[in-house]
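Chains as they are written, first to last, in the UniProt record's numbering: chain A, 1 to 393; chain B, 1 to 393; chain C, 1 to 393; chain D, 1 to 393.
Below is one structure, written out as structure tokens; the observations come after it.
Protein chains: 4
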Amino acid sequence: MRYLTAGESHGPQLTAIIEGLPAQLTITAEMINKDLKRRQGGHGRGRRMQIETDTVDITSGVRHGKTLGSPVALVVTNDDWKHWTHVMGIEPLEEGLNPEDVKRQITRPRPGHADLVGGMKYGHTDLRNVLERSSARETTVRVAVGAVAKQLLSELGISIVSHVTEIGGIKADTTKSAGLSVAQIRGIIEGDPVYCVDQEASKLMVQAIDEAKENGDSIGGVVEVIVEGMPAGIGSYVHYDRKLDAKLAMAVMSINAFKGVEVGMGFEMARKPGSQVHDEIEWNQEQGYIRTTNRLGGLEGGMSTGMPIVIRGVMKPIPTLYKPLQSVDISTKEPFKASIERSDSCAVPAASVVAEHVVAWEIANAILDKFHSDQMPQLLESINQHRAYTKEF
Amino acid sequence: MRYLTAGESHGPQLTAIIEGLPAQLTITAEMINKDLKRRQGGHGRGRRMQIETDTVDITSGVRHGKTLGSPVALVVTNDDWKHWTHVMGIEPLEEGLNPEDVKRQITRPRPGHADLVGGMKYGHTDLRNVLERSSARETTVRVAVGAVAKQLLSELGISIVSHVTEIGGIKADTTKSAGLSVAQIRGIIEGDPVYCVDQEASKLMVQAIDEAKENGDSIGGVVEVIVEGMPAGIGSYVHYDRKLDAKLAMAVMSINAFKGVEVGMGFEMARKPGSQVHDEIEWNQEQGYIRTTNRLGGLEGGMSTGMPIVIRGVMKPIPTLYKPLQSVDISTKEPFKASIERSDSCAVPAASVVAEHVVAWEIANAILDKFHSDQMPQLLESINQHRAYTKEF
Amino acid sequence: MRYLTAGESHGPQLTAIIEGLPAQLTITAEMINKDLKRRQGGHGRGRRMQIETDTVDITSGVRHGKTLGSPVALVVTNDDWKHWTHVMGIEPLEEGLNPEDVKRQITRPRPGHADLVGGMKYGHTDLRNVLERSSARETTVRVAVGAVAKQLLSELGISIVSHVTEIGGIKADTTKSAGLSVAQIRGIIEGDPVYCVDQEASKLMVQAIDEAKENGDSIGGVVEVIVEGMPAGIGSYVHYDRKLDAKLAMAVMSINAFKGVEVGMGFEMARKPGSQVHDEIEWNQEQGYIRTTNRLGGLEGGMSTGMPIVIRGVMKPIPTLYKPLQSVDISTKEPFKASIERSDSCAVPAASVVAEHVVAWEIANAILDKFHSDQMPQLLESINQHRAYTKEF
Amino acid sequence: MRYLTAGESHGPQLTAIIEGLPAQLTITAEMINKDLKRRQGGHGRGRRMQIETDTVDITSGVRHGKTLGSPVALVVTNDDWKHWTHVMGIEPLEEGLNPEDVKRQITRPRPGHADLVGGMKYGHTDLRNVLERSSARETTVRVAVGAVAKQLLSELGISIVSHVTEIGGIKADTTKSAGLSVAQIRGIIEGDPVYCVDQEASKLMVQAIDEAKENGDSIGGVVEVIVEGMPAGIGSYVHYDRKLDAKLAMAVMSINAFKGVEVGMGFEMARKPGSQVHDEIEWNQEQGYIRTTNRLGGLEGGMSTGMPIVIRGVMKPIPTLYKPLQSVDISTKEPFKASIERSDSCAVPAASVVAEHVVAWEIANAILDKFHSDQMPQLLESINQHRAYTKEF
């Protein structure tokens, strides 16, 4: 499978095309919309999230609720486009119009954003041409793509959830999520303002967000994604670019503002002896091979072990601050104080939803690499045979 | 550019083919051999590292010391192959031979290795068929490939180094490496047993390694790679899979036993407000645009900013322990205690060398994506024009 | 660059996303629409072509007529969709509805189409699920994508045209097009009902098409694409999958109903001695290196020579015939006579337009592989430097 | 699957790495060597073919005759290397040596070869740096790679053969090969000097080759590849770059000196009405769906139909002629007459062997895309289930 996305933050729409989905998979816009809504939630979002509700249109590849095997196109219309038809107009400006009147030209790059370097790269002296695409708005349609992948996984008995484990230095007590299933975690976080399993930490996180907002500042955090029901042997050790953990790391790091990723115990492994890091192996008739612990996060040798996959990513604080940061106007080379009027003070809960979806995509893709992949019934049969085979291996 | 590697740990040789190198690049086996030697060093290695010295043969793509533009093949011969011609023989076994006599068949998967899942995936009941390829032996030839990339970067004024920042819970004082250039860091670590800049921490790390060895245990650690001289605008924000940080994360996570990766301040960003995370922008005639700090590790919006790239990875303790871990024999399903006779107790210094080389590859590759890429003189001219252009942008 | 397309023949729309275009390229819907119109023309088309006029909407990646460097999305709305909302509905059928009432289910595969094998592959017992995507309707959006590539080439001084050289056994006199420029050929064919340079052959082709129609039959033909203004050295001999002629062959063969492709003298080369096949090389101050003939069609060693690229493809007769062909109903396994009520009797002129556009894409893509590729001004400078360099080489 | 090749014509060796082969596939050097020998045969070859015998060494990915799932490396040593260690030396020239003494520098590009354009592209003023890689010598290792693919196909019940259908204007009577199986064709051509089924045409072809040689000229021809035992549904219509015929066209056109490719009736389809081009469909209990003819060459809608795949390619006459062609010395810009002392006068029989092998690779690769692909037993089971399923579809 592969996909491409297109769309600017204030353009008419976001678009994605997914190529390579098996036929006979049930997809509806409704299922995707639920995840789009989760992405728009979470304490700490600015006003835009409150006034817009993203919904998807499926414009090809699906008939009567089932995939055709042909490419699936997804469209998320920007409700706000009507106010931007001039500034973001696609056709050339009419003669006689002064570009500066209509363009809301931006020559002041914001630190921490793609503005300056993106301008250099593509030759944009109006930095709006950069920020319209580098904006996290694009993750909307990546969530839509991932929601399709999740539906595929679901039909194969694989479920996935994300939750927030840290915001602004407040850490959730991970023993509270440790024994829980994906469904249980989902149940808890759906009612939580920061998608956190630990209700006490959640309260402190909300406070921290509010404080950051008052200070004109922003805070980041850590999100965790858990995948349950994995068959063993997805990914491969035989070539470096086929390792599943490497692909997951790529996907998580590619989310806007993410600066780190770790699997299982992650960076803690630098502080523990090997005897406390590796997962012992057992076998019994009922379950086949199991690990008695899951410190490696369900991944050994670049492959799924059959244990839940556990992966975390860190999101930096949003760089759009009320508090001014020093920068330089590119047209005059004069310094200025970058500051803006409104922004999210924390987008970690939303980012957790994005992380869930980019992970879902990689997992689904790796599964299709290994198994019979043209139609869902054959794929399901193929994966179930494999489950039985690995149990008795 | 792209490359493939082949080779088993006890097979006749490791091979790599690199396709897409510009012509007119100076490459010699000698330059590559220096890096292969660094990979074999570091306190804590087992006996194999001491008895073998890896050297490379270039078998195509180079003539009189310069690349031709055609694919470059690299071969690292296994000196030890002569003892393995029977066990690892390539041709079918002669009739009458009892496979069990010659095969040193392995049915006991080691926890933390690819053994069990790899066996399931490829249908190997002799797990030697897995471990021969999943072994970190393969990183030898990835270092050779990266050494070629480093030579390319070097001709473009880009230098790269790795050093060890943590082993077994002992952290180096990072203020000691903070202001140093790549060349300075290289100068220091070359004389250090664990490739660490902080000499006091180094001593403690050596102690920790020795203790782990005495305990029959192993320890992991953290390595940092620094890339200096980067032009701005390598990578891109326009599509998720073109982000340079995502590609670097993939590369680092793909190294055997790596379980996490972070850029700049990394996971610390979850604990700081935005005003202490982002790097302010300045411009002056002499240097053009600069950041006054480099907390984001030289990457904004998935692109190089022109500041040094700083990326870290965590390596888990080596799973081959003297201390026994519980596992199951796949032929009998009986439990056993996995324990082995000799192994490295810490491979973090060696792994730092691997990290340096996989990062070098990704950087070189991303540079060739952007610039005129058939011959070195044109590439160098193209990149220098870009440097001048971004300075005045 | 890369692109994906989506869309069914009677679905709401066709969509394409192009990723990797340089910034600062001028694109307007109007330019693309001209080529879409050419694709809908040509003597021998059925009614659908006459009642619909395809036009494109650019929905992202372009602002005020210039590319942003971000992905470009193109949408061609199906005017006819309003009549198909039930049959091709995307959402699941409402309960109580009888699928057979709304689905216009097809169980009778047409020989020469993807129907039967596509049904097997994706598990579609309603073969409409196949033909909606396998239809040549998809080439509409491939033309739109190619029209963008042509605009890029045009800014680099590279022009491209296609013309029809054979239909239903009637061959154009190729000496009539031999000395003509791309612009001259375009001038002639725009007024011709079958896009043929030889006006006498054209008349006979029109007759042949009319006869085929009367007979309830269909005819195919040969189209030729010419690319002028090529820089030398696009493509490469160093690896088989980088040869430009191989990529062009792939592109032309991928057009619906194309069954052969040849470059320069093509299959005639099997009948001539080498001394009459190869192009002699000359050099003069004004033009640099030239070939005195162009029998190899502008390609040597998988690279452009700087001479015009000349490539031809053969299209089979459209398989949808009034004249019945024997087939089998997949639900009953009973034989039936496949025959339909209306169809094109010859789509070769339209297919010539498709060929022009898929070739344009491959050429543009190969050019971006070699040169500085983020912005048009830098790309143009890079390519002009190369032209000067190769002249004096 | 993917593969890379490396190696210069007079360098120490040719190398290939194949990544993605299933485990448990039987491969031996002996099987590959048979095909390497066929490639060196055929009337019309020059002296080099007679003095060298290519044989392969498998250096990784295989143990005791079976693939491991890890990358397979293949090496073909150049026996002649010992005479070229100076001219083609890999290490920099020793100081004091005059490069012109050792280099056999070439400044005179041969028409019809990659020499001139390759020199421009990579900046080689010694054109030996081009021709060493652009030489058809590289096809040796592509044959070795294809021989592995053929072995995979063979275990799945798919067989493949190539034969020569035209040389220098002499056409074989195709009715003589029409009804024959792959095995029968192989049986006949193995004893034929030009790998042609029609024994009378073969004699005339041999004469034509001898005449061309006497005239200091060369001749080309047409080769045909036939694949038997194909399951239906390999390839796909859903996206242009997944069409199997497009991939086959790419592969055949990528062979050195190939200038055209066609499937089934190919270019003849421009001369026949649709009713004489398409293949009618029947079904019976025993065979399932069959076509009563195979004019489309086993491919509909970019997918295999289950009928034999039939594909042809045209090879131009070898451009290295005794008869002089006009060219220009790049160092002086003076014209000269390009002529050489010894060469093949016809390499079509050898090229037919190459075509067989590049087609085998594409077919094998497309099969692995669709089916369970990690181990041969599971792949075979998966494909056999599919065969039963399509029969009853």
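Backbone N, C-alpha and C define an ideal beta-carbon position, used for all residues, glycine too.
Since the structure is predicted, the reported quantities are computational estimates derived from the model, not experimental observations.
Each residue's CA atom was taken as its position, placing C/D279 and C/N294 some 6 Å apart. Contact residues of the segment 370 to 392 of chain C toward chain A are D374, Q375, P377 (C-beta to C-beta distance below 7 Å). Among the residues of chain B, none has a CB under 9 Å from the CB of A/H163; the nearest is roughly 14 Å distant.
A/V145 is outside the set of residues whose beta carbon lies under 8 Å from a beta carbon in chain D. Listed along chain C, the residues sitting closer than 8 Å to D/P109 by beta-carbon distance are I281. By alpha-carbon distance to C/V354, the top candidate from D/N256, D/Y240, D/P71 is D/Y240.
Excluding its 5 nearest sequence neighbours in each direction, B/A249 has C-beta neighbours in its own chain below 6 Å: V261, listed in chain order.
Here B/I106 has D115, D126, L127, R128, L131 as same chain residues with Cβ atoms under 8 Å from its own Cβ, once five neighbours each way along the sequence are excluded.
Close partners of B/E19 in chain C (Cβ separation under 8 Å): V238, H239. Going by DSSP, D/W283 is part of the beta strand (DSSP E) stretching over 281 to 284. Interface annotation for the segment 124 to 135 of chain A against chain C: H124, D126, R128, N129, V130, E132, R133, S134, criterion Cβ-Cβ distance under 9 Å.
If you keep only unbroken alpha helix (DSSP H) runs of at least 4 residues inside the segment 138 to 205 of chain B, you get 139 to 155, 175 to 178, 182 to 189. Taking every protein chain shown into account, the CB of A/D245 has 16 or more other CB atoms within 10 angstroms, so this residue is buried. B/G157 has a beta carbon lying at 8 Å or more from every beta carbon in chain C. Under DSSP, B/P335 takes part in a beta bridge, and its partners are B/V328. Just measuring C-alpha positions, the residue of C/K121, C/E381, C/G41, C/Y195 sitting nearest A/S373 is C/K121. Beta-bridge pairing by DSSP links C/I309 to C/V227. Contact of A/T320 with chain C is not assigned, every C-beta pair being separated by 8 Å or more. It is roughly 33 Å from the alpha-carbon of A/H113 to the alpha-carbon of B/Y3. Below 8 Å, too few C-beta pairs join the segment 322 to 338 of chain A and the segment 136 to 147 of chain A to call them touching: fewer than three. Put simply, of C/E214, C/I219, C/E224, C/G216 the residue whose alpha carbon is nearest the alpha carbon of C/V197 is C/E224.
Assignment of B/G221 by DSSP, reduced to helix, strand and coil, places it in the strand class.
D/S236 and D/K370 have their C-alpha atoms some 10 Å from each other.
What A/Q24 touches in chain C, judged by beta-carbon distance under 8 Å, is Y122, G123, going in chain order.
Between D/V182 and D/V161, the CB-CB gap stays under 8 Å. Between the C-alpha atoms of A/L68 and A/A23 there is a straight-line separation of about 5 Å. In the structure shown, the three-state DSSP call for C/G297 is coil. Runs of the alpha helix (DSSP H) lying entirely within the segment 235 to 266 of chain B and spanning at least 4 residues, in chain order: 244 to 253.
The alpha-carbon of B/A172 is positioned some 28 Å away from that of A/T174.
Segment contact: the segment 280 to 290 of chain C against the segment 279 to 289 of chain D, fewer than three CB-CB distances shorter than 8 Å; contact not assigned. At a cut-off of 8 Å between C-beta atoms, D/L368 does not count as an interface residue with respect to chain B. At a Cβ-Cβ threshold of 8 Å, D/A270 and C/V164 do not count as neighbours. With respect to the 8 Å criterion, C/D35 and C/A147 are classified as neighbours on the basis of their beta carbons. Inclusion of C/A257 and C/G44 in the CB contact set at 8 Å is not warranted, their separation being larger than that value. Listed along the chain, the chain D residues whose CB falls inside 8 Å of the CB of A/P71 are V238, H239.
In the same chain as A/F267, and ignoring 5 residues on each side of it, no C-beta atom comes closer than 6 Å to its own.
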